[in-house]
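Trainee: Residue 336, in the numbering used here, is where the sequence shown stops; the numbers in between run on with no holes. Beta carbons are placed, not taken as given, at the ideal position from N, Cα and C, and that holds for glycine. Mind having a look at this structure? Questions to follow.
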Amino acid sequence: MMPSAEIRARRRVRQLRGLYMHIAVYVVVIAGIALINWATMPGNWWVVWPAIGWGIGLAVHVVSVVFEEGFLGPEWEERKTRELLERGER
Numbered sequence: 247m248m249p250s251a252e253i254r255a256r257r258r259v260r261q262l263r264g265l266y267m268h269i270a271v272y273v274v275v276i277a278g279i280a281l282i283n284w285a286t287m288p289g290n291w292w293v294v295w296p297a298i299g300w301g302i303g304l305a306v307h308v309v310s311v312v313f314e315e316g317f318l319g320p321e322w323e324e325r326k327t328r329e330l331l332e333r334g335e336r
């Protein structure tokens with residue numbers, strides 16, 4: 247049984263809130279690290295390495311939230327299930 251529209255909407259809002267918080271924390275922390283880097287070692291910008299590493303994780307989070315509904319998400323599963331049942335496959 248598919249969850250109600252309200253349950254799906256609440257779940258989506260929680261996912262988006264988590265993503266927005268992740269982005270905000272990333273920006274604040276990387277900015278703070280960049281300031282520390284600038285103050286202590288202005289000629290050696292090592293801050294790019296944590297920014298890239300965490301940025302990859304953030305990008306994965308973005309993709310998981312943005313494409314969760316469309317690409318291989320619950321709606322795709324439902325369509326594919328109906329398609330296979332119509333063909334008589336299980």
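#1: Is residue 289 helix, strand or coil by DSSP?
#2: By Cβ distance, which residues of its chain are closer than 6 angstroms to residue 293, with the 5 residues on each side in sequence left out?
#3: Three-state secondary structure (DSSP) at residue 218?
#4: With a threshold of 6 angstroms on Cβ separation, who are the neighbours of residue 328 within its own chain once the five nearest residues in sequence on each side are excluded?
#5: With a threshold of 7 angstroms on Cβ separation, who are the neighbours of residue 308 within its own chain once the five nearest residues in sequence on each side are excluded?
Mentor: Looking at the atomic coordinates:
#1: coil
#2: 279, 280 and 283
#3: Examination of residue 218 is not possible in this model, given that the chain is present from 247 through 336 alone.
#4: none
#5: 265
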